[in-house]
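Inspection log for the structure reproduced underneath, given as structure tokens.
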Amino acid sequence: MAWCHFRPLLILIDGKLQPSLFSPSLCRLVVYPPPPAKGGIAITEDDLNCLEEGEFLNDVIIDFYLRYLVCEQHEKEDASKCHVFSSFFFKRLTQKDHRRLPGTTDLSIQERRHSRVKTWTRGVNLFEKELIFVPINQMAHWYLAVICFPAKISQTSGLDLQLNGRRNSVEYLCDQSPPNPMSLFYFPESSKQLSRWSQSIGNLENRCGARAKCHLFSVNPRYLQEEWKVKMGSEQSFGNGVMDGWSPIVPKQDNYTDCGIFLLQYVESFLKDPPQSFHRSMDLNGWFSQRTVKRKRRQIKRLILRLHSTHKMNKQIPSPRTWLMHILNSFILPDLLPSLLEGRIFACSCR
1 MAWCHFRPLL ILIDGKLQPS LFSPSLCRLV VYPPPPAKGG IAITEDDLNC LEEGEFLNDV
61 IIDFYLRYLV CEQHEKEDAS KCHVFSSFFF KRLTQKDHRR LPGTTDLSIQ ERRHSRVKTW
121 TRGVNLFEKE LIFVPINQMA HWYLAVICFP AKISQTSGLD LQLNGRRNSV EYLCDQSPPN
181 PMSLFYFPES SKQLSRWSQS IGNLENRCGA RAKCHLFSVN PRYLQEEWKV KMGSEQSFGN
241 GVMDGWSPIV PKQDNYTDCG IFLLQYVESF LKDPPQSFHR SMDLNGWFSQ RTVKRKRRQI
301 KRLILRLHST HKMNKQIPSP RTWLMHILNS FILPDLLPSL LEGRIFACSC R
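Counting in UniProt numbering, the sequence shown runs from 1 upward without gaps.
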């Protein structure tokens with residue numbers, strides 16, 4: 001069975017427009033990961049259009065590809081040591097309280113923030129992870145936070161996480177890492193010579209980036225502190241001296257629409273080609289080429305279409321036309337099917 005979202009139609013019957021109920025406008029191409037896995041991300045044709053050149057990536061494409069990278073690109077043993085938050089997580093964590101919920105009036109700001117997202121880690125212990133990826137969107141700009149080695153807090157707190165000694169990519173990071181956890185901030189600023197009009201946008205991005213960094217380095221440790229209190233039942237500081245934070249030097253976008261693509265490439269490169277060392281002057285400018293980024297949109301689009309074809313073969317999903325015919329035959333205007341088949345009825349969508 002195909003899944004489609006529908007909008008109102010006008011059906012042309014013998015020269016007269018008649019209202020109908022449905023139109024297969026936004027066909028759901030695939031759900032990833034597919035059932036019976038929980039939390040599947042539904043990708044529609046509109047989402048796929050975000051991968052055209054010059055378009056901004058939406059949250060669906062960001063969430064899908066990050067989930068895919070962790071689930072498919074690495075062995076299950078490695079994947080279990082990474083956690084990817086939804087692109088809505090940070091927004092929900094930091095949104096302002098317009099109305100306080102019952103039972104939260106006596107809570108501190110960081111306790112109220114944590115209470116808004118406490119269910120997002122149900123069944124997940126972040127302090128058993130090596131990497132936590134947090135995609136963030138502010139003012140239509142994507143950037144990335146990576147919390148590295150939160151498990152080290154557990155180790156230094158006397159908790160045995162029973163990590164095995166095999167040198168895979170994630171554990172290699174751990175072997176080469178400093179003794180404390182850290183937060184890395186990736187902000188894909190533009191490297192292009194800006195026009196006079198564009199300079200104001202670039203300056204806005206720079207100011208946004210500076211504020212975002214300060215905000216991020218303040219919010220993340222406080223969130224982890226509250227999460228530790230809930231999950232571990234004790235107090236643990238993630239402030240200065242416990243959890244450092246900085247922004248590595250990374251490849252920069254050369255336009256204003258590829259920030260989402262760069263975010264995805266940062267994560268992919270982090271998993272495939274992890275940094276050899278971690279320090280404040282980290283220079284990852286040669287991590288990947290602009291050519292690699294330029295191919296990313298086509299690669300993700302082909303991936304989605306391949307998953308769609310596989311799912312369609314496995315589930316025998318009918319085409320949108322077949323699905324529309326099924327609806328007409330079953331629910332809407334079964335007595336008009338002969339006219340439809342004779343070509344005297346045409347469907348046109350109302351926008």
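We treat Cβ as the ideally placed atom computed from N, Cα and C, and that holds for glycine.
6 angstroms CB neighbourhood of residue i in its chain, flanking five on each side removed
i      : result
VAL293 : ILE261 and GLN265
HIS311 : VAL30
TRP142 : CYS259, GLY260 and LEU263
Residue i versus residue j: straight-line alpha-carbon distance, rounded
i      : j      : result
PRO221 : TYR256 : 30 angstroms
ASN58  : ILE300 : 13 angstroms
ARG297 : ILE43  : 15 angstroms
GLU37  : LEU51  : In the sequence as presented, Glu is not what sits at residue 37; that position holds Ala. Whole-angstrom Cα-Cα distance: 25 angstroms.
HIS279 : LYS96  : 34 angstroms
SER281 : PRO275 : 12 angstroms
ALA79  : LEU107 : 35 angstroms
ASP254 : GLY54  : 12 angstroms
TRP287 : ASP273 : 8 angstroms
PHE56  : LYS129 : 31 angstroms
ARG236 : PHE90  : In the sequence as presented, Arg is not what sits at residue 236; that position holds Gln. Cα to Cα, the separation comes out at about 21 angstroms.
GLY241 : PHE149 : 15 angstroms
VAL134 : GLU111 : 19 angstroms
ARG295 : LYS81  : 28 angstroms
ALA140 : PHE127 : 31 angstroms
VAL291 : SER234 : The sequence shown places Arg at residue 291, not Val. About 48 angstroms.
SER116 : SER247 : First, the amino acid is wrong: residue 116 is Arg here, not Ser. Cα-Cα distance, rounded: 27 angstroms.
LYS229 : LYS118 : 11 angstroms
GLU72  : GLY123 : 21 angstroms
Spatial neighbours of residue i in its chain, beta-carbon cut-off 7 angstroms, leaving aside the 5 residues before and after
i      : result
ASP63  : ILE41, SER86 and SER87
THR121 : GLU227
LEU29  : ILE43, THR44, GLU45, LEU48, ILE304 and HIS308
GLY239 : PRO221
LEU69  : VAL267, GLU268 and LEU271
ILE249 : MET282, ASP283, LEU284 and ASN285
ARG302 : none
Integer-rounded CB distance, given that residue j should sit under 8 angstroms from residue i
i      : j      : result
ASN125 : LYS252 : Rounded, the Cβ-Cβ distance is 35 angstroms, inconsistent with contact.
LEU284 : LEU144 : Not confirmed; about 12 angstroms, so no contact.
ILE132 : HIS83  : 5 angstroms
Per-residue burial, residue i [other beta carbons within 10 Å of its own, 16 or more giving buried]
i      : result
LEU48  : buried
ASN314 : exposed
LYS152 : buried
MET243 : buried
SER289 : exposed
ASP258 : buried
ILE109 : exposed
PRO35  : exposed
ILE61  : buried
ILE147 : buried
GLY245 : buried
Which residues DSSP lists as bridging residue i, in chain order
i      : result
TRP142 : ASN137
ALA42  : VAL31
HIS83  : ILE132
ILE249 : ASP283
Proximal residues to residue i (C-beta, below 8 angstroms), its chain only, five neighbours per side dropped
i      : result
ARG113 : LEU93, THR94, VAL219, ARG222, TYR223 and GLU226
TYR32  : GLY40, ILE41, ILE43, PHE64, ARG67, TYR68 and LEU307
Interface flag, residue i vs chain B, CB-CB below 7 angstroms
i      : result
LEU107 : Absent from the structure: chain B. Only one protein chain is present.
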